[in-house]
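Here's the structure we're looking at; comments come further down.
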Amino acid sequence: MLALVIINGVIIGSIYALISLGFNIIYNTTGVLNFAQGEFVMIGAISASWASAHFSLPIALLIGALTAGAVGVLVDVLAIRPARKASAVTHIIITIGASIIIRSAASLIWGTEPYQLPPLKEGSISIAGVGIDFQQLILIGVAAVCMLLLSLFFRYTTAGRAMKACASNSEAARLCGVSVGRMSAMAFGLSAFVGGIGGIMVTPMISMSYASGTSLGLKGFAAAILGGIGNPVGGVIGGLLLGVLEQYSCLHSSMYKDTIALAVVVVILLLRPRGLLKR
Amino acid sequence: MKFPQPISYTRLYRGPMILLLAIIVLPLLARGQYSYLLPLAQLCGIWAIVVLGLTLLMGFTGQVSLGHAGWFALGAYGAGVASSAYHVSLWPAMFIGIAAGGLLAFIAGVSILRLKGHHLALATLCIGVIIYEVITKMEITGGAAGLNDLPQLHFFGDSDLSKVYLIWFIVLLVMIWATHLTESPAGRALRAIHGDEDAAESLGISVFSVKVKVFVASGILASLAGVLYAFVYTPSYLGPEPFTLIFSVLLVTMVVIGGMGNIWGALAGAAVLTGMNEVIRLVGERLGSTQMSKYEELISGLILVLIMIFSNDGLIPGLRRIFQRKRS
Numbered sequence: 006m007l008a009l010v011i012i013n014g015v016i017i018g019s020i021y022a023l024i025s026l027g028f029n030i031i032y033n034t035t036g037v038l039n040f041a042q043g044e045f046v047m048i049g050a051i052s053a054s055w056a057s058a059h060f061s062l063p064i065a066l067l068i069g070a071l072t073a074g075a076v077g078v079l080v081d082v083l084a085i086r087p088a089r090k091a092s093a094v095t096h097i098i099i100t101i102g103a104s105i106i107i108r109s110a111a112s113l114i115w116g117t118e119p120y121q122l123p124p125l126k127e128g129s130i131s132i133a134g135v136g137i138d139f140q141q142l143i144l145i146g147v148a149a150v151c152m153l154l155l156s157l158f159f160r161y162t163t164a165g166r167a168m169k170a171c172a173s174n175s176e177a178a179r180l181c182g183v184s185v186g187r188m189s190a191m192a193f194g195l196s197a198f199v200g201g202i203g204g205i206m207v208t209p210m211i212s213m214s215y216a217s218g219t220s221l222g223l224k225g226f227a228a229a230i231l232g233g234i235g236n237p238v239g240g241v242i243g244g245l246l247l248g249v250l251e252q253y254s255c256l257h258s259s260m261y262k263d264t265i266a267l268a269v270v271v272v273i274l275l276l277r278p279r280g281l282l283k284r
Numbered sequence: 623m624k625f626p627q628p629i630s631y632t633r634l635y636r637g638p639m640i641l642l643l644a645i646i647v648l649p650l651l652a653r654g655q656y657s658y659l660l661p662l663a664q665l666c667g668i669w670a671i672v673v674l675g676l677t678l679l680m681g682f683t684g685q686v687s688l689g690h691a692g693w694f695a696l697g698a699y700g701a702g703v704a705s706s707a708y709h710v711s712l713w714p715a716m717f718i719g720i721a722a723g724g725l726l727a728f729i730a731g732v733s734i735l736r737l738k739g740h741h742l743a744l745a746t747l748c749i750g751v752i753i754y755e756v757i758t759k760m761e762i763t764g765g766a767a768g769l770n771d772l773p774q775l776h777f778f779g780d781s782d783l784s785k786v787y788l789i790w791f792i793v794l795l796v797m798i799w800a801t802h803l804t805e806s807p808a809g810r811a812l813r814a815i816h817g818d819e820d821a822a823e824s825l826g827i828s829v830f831s832v833k834v835k836v837f838v839a840s841g842i843l844a845s846l847a848g849v850l851y852a853f854v855y856t857p858s859y860l861g862p863e864p865f866t867l868i869f870s871v872l873l874v875t876m877v878v879i880g881g882m883g884n885i886w887g888a889l890a891g892a893a894v895l896t897g898m899n900e901v902i903r904l905v906g907e908r909l910g911s912t913q914m915s916k917y918e919e920l921i922s923g924l925i926l927v928l929i930m931i932f933s934n935d936g937l938i939p940g941l942r943r944i945f946q947r948k949r950s
């Protein structure tokens, strides 16, 4: 039973982890808490589903992730850049506004009915007595690869280092020749791209409609804060923890699934007031 | 050295006087084909009460809450359940609703207000969602089906117009209280906490207890609004739909859109978010478009973003700047 809880928790948790990673990419570059993160996930999933009717599956998935990335860049250029100097709360409200725009635009373009993608590989295997679909394994694998690539990107590439520089001191970064605006656009694009991948990976399991992004985004937000905002590793741990907590409370009472999980989150916050991994 | 001087009563009551005038005159204009605006005005007033409390908490004291839909729900359901399941009469039921909100705000405040910034936001978010989920799953609240036929609070009849007057009269009282508070030493203590908690503490302000007090006050105001929602706005049916996390986010949006730390901003924020869709629809009708309702949400999102881009600190401070520029 415990194995089931942990495996299912890790599966659902790795999608939260990917979304929280998106939060942290943007936060670590621009200091903006992006409440449109869930909408990026939704855009990736729905545009890939739409494209899969016209193109072969791999191309459709690429189109989905790229569309999400493009929407992310647009959010930065059109909404965040004109208010660069505003306060953090203003940025939050702008991203909430952006999420409303993206949601309603998606419902106008793709309608309100839910979309679903075919799984990348049918069938399942059994691990520790628990049946796991290949698609779920792929989701975990893709999430892990994304996390690895991103941490390499931030550590070893010039662009990644420049993005980190923007976060620690944007004025100094500018003096060193880093274009803060371009880095911010890149952060939004990258974060939305990662979110889009998350959406694409999860859509064979749960169907996605124009409004599904919001709750996923909030779970990712909870994961990021729980792990300590600005700490990508913490966010990933927070996401996995949240997933396992949800599955665990599901076991005890499917009725109060969120209640138990969120109550535990509050308790963790009280015990570790600065997030899991913050000193 | 300049000490803060108490401002004169004429200045202090200028705002409430303007509001009083608007309350008396504006609803009378909504007649005939425009009478459908009256329920909207009631809703706007109810939201204004929540947003006023939230403005004190967020705008003045700098503590973010993403859970106030929960306190709104507590007020509504506390009063609703008391009267439907335990057959408590109207006034005690209202009191029970408000007391339930206040008590839980106190318990929650004492435990989570040591958290700061994003972490406080997450903790309040969790509590708000927990309240919502418990309400939708419990039997006594009618679950997702909700409660029917609650008693109705009468105030010189039960027409839409008298309901508007009742709700906005309460808004006026809350506004007067809030202006008094913000111009008093206690109000300056709130702003000091917003500025720098450690500095405020060193000035002799008991930061934690002030935070708890203002949290409880905002919780009580939210549950008062909830009681009005249940007993005045929709006595025939009370369901859990309006109390989701989205509504908490919307409330914070109202606070920021109007202008943080600004009493008028709270009213403006509530008015913008209630009135926006209606205005978009009316403008669409004037332009001869029947398709406008499809684009309502899109346009309202655009308006939100544009307001924040053109006036970073909200609507009222932005308007104030424009008027001052004209004057000089």
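Sequence order for the protein chains is A and B.
Counting from 6, one number per residue, gives the positions in the first sequence under our numbering.
Counting from 623, one number per residue, gives the positions in the second sequence under our numbering.
Built from N, CA and C at the ideal position, the CB exists for glycine as well.
Where I20 (chain A) and R810 (chain B) are concerned, what is the direct C-alpha to C-alpha distance, given to the nearest angstrom? Taking the straight line from one Cα to the other gives about 45 Å.
Should L744 (chain B) and L67 (chain A) be called a contact, given that it needs their Cβ atoms to be closer than 8 Å? no
Indicate whether M898 (chain B) and I925 (chain B) have their beta-carbon atoms separated by less than 8 Å. yes
How would you list, in chain order, the residues of chain A whose beta-carbon sits under 8 Å from the beta-carbon of H741 (chain B)? I230, L274, P278, R279, G280
G182 (chain A) and G18 (chain A): beta carbons closer than 8 Å? no
Span separating the alpha-carbon of V905 (chain B) from that of L937 (chain B): 21 Å
Could you tell me which of B:D935, B:S858, B:A814 sits nearest to N770 (chain B), measuring between CA atoms? The alpha carbon of N770 (chain B) has as its nearest neighbour, out of B:D935, B:S858, B:A814, the alpha carbon of B:S858.
Nearest-angstrom Cβ-Cβ length linking G700 (chain B) and A844 (chain B), presumed shorter than 8 Å: Contact flag wrong, Cβ pair sits at about 12 Å.
Measuring CA to CA, which of A:A22, A:M6, A:R277 is closest to A149 (chain A)? A:A22
Residues in its own chain within less than 7 Å of A192 (chain A) by CB, not counting five upstream and five downstream? I30, I31, T34, T35, M168
Give a yes or no on contact between the region 117 to 135 of chain A and the region 204 to 218 of chain A, applying the rule of three or more CB pairs nearer than 8 Å. yes
For a contact meaning CB atoms closer than 9 Å, what does A91 (chain A) contact in chain B? M930, I931, N934, D935
Taking 8 Å as the threshold (C-beta atoms), are P807 (chain B) and G881 (chain B) in contact? no
Pull up the CB-CB distance for A704 (chain B) and G719 (chain B), whole angstroms please, since I reckon it's below 8 Å. 7 Å
Give the residues from the region 899 to 930 of chain B that approach chain A closer than 9 Å (Cβ to any Cβ), ordered along the chain. K916, Y917, E918, E919, L920, I921, S922, G923, L924, I925, L926, V927, L928, I929, M930
Figure out for me which residue from A:A172, A:I137, A:R86, A:G248 has the closest Cα to the Cα of L267 (chain A). A:G248
So with CB distances below 8 Å, who are the chain A contacts of L744 (chain B)? F226, A227, I230, L231, V270, L274
Can you grab the Cα-Cα spacing for the pair L850 (chain B) / A53 (chain A), in whole Å? Those two C-alpha atoms are separated by around 46 Å.
Please identify the residue among A:S254, A:H257, A:N13, A:G218 whose C-alpha is closest to the C-alpha of A133 (chain A). A:N13
Does the Cβ-Cβ distance between F682 (chain B) and H802 (chain B) come in under 8 Å? no
So for Y261 (chain A), helix, strand or coil by DSSP? coil
On the three-pair Cβ rule with 8 Å, is the region 827 to 847 of chain B touching the region 655 to 663 of chain B? no
How about the region 871 to 891 of chain B and the region 665 to 675 of chain B: do they share at least three Cβ pairs that are nearer than 8 Å? Touching, per the Cβ criterion.
Spell out a yes or no on whether the region 642 to 660 of chain B and the region 853 to 870 of chain B are touching, meaning 3 or more CB-CB pairs, one atom from each, closer than 8 Å. The region 642 to 660 of chain B, when compared against the region 853 to 870 of chain B, does not touch it at the 8 Å Cβ threshold.
Which term fits G779 (chain B), buried or exposed, when burial requires 16 or more other beta carbons within 10 angstroms of its beta carbon? exposed
Start and end of the alpha helix (DSSP H) containing V731 (chain B)? According to the sequence provided, residue 731 (chain B) is Gly. The question's Val does not apply to it. For G731 (chain B), the uninterrupted alpha helix (DSSP H) run begins and ends at 712 to 734, by DSSP.
Look at G765 (chain B) and G692 (chain B) and say whether their C-beta atoms are less than 8 Å apart. Contact: no.
I885 (chain B) touches chain A at which residues, Cβ-Cβ below 7 Å? Within 7 Å Cβ-Cβ: nothing; I885 (chain B) doesn't reach chain A, min ~18 Å.
In chain A, which residues lie less than 7 Å from E755 (chain B) when you measure between Cβ atoms? Y261, D263, T264
Tell me where the alpha helix (DSSP H) around D782 (chain B) begins and ends. 782 to 804
At least one CB of chain A closer than 8 Å to the CB of R943 (chain B): is that the case? no
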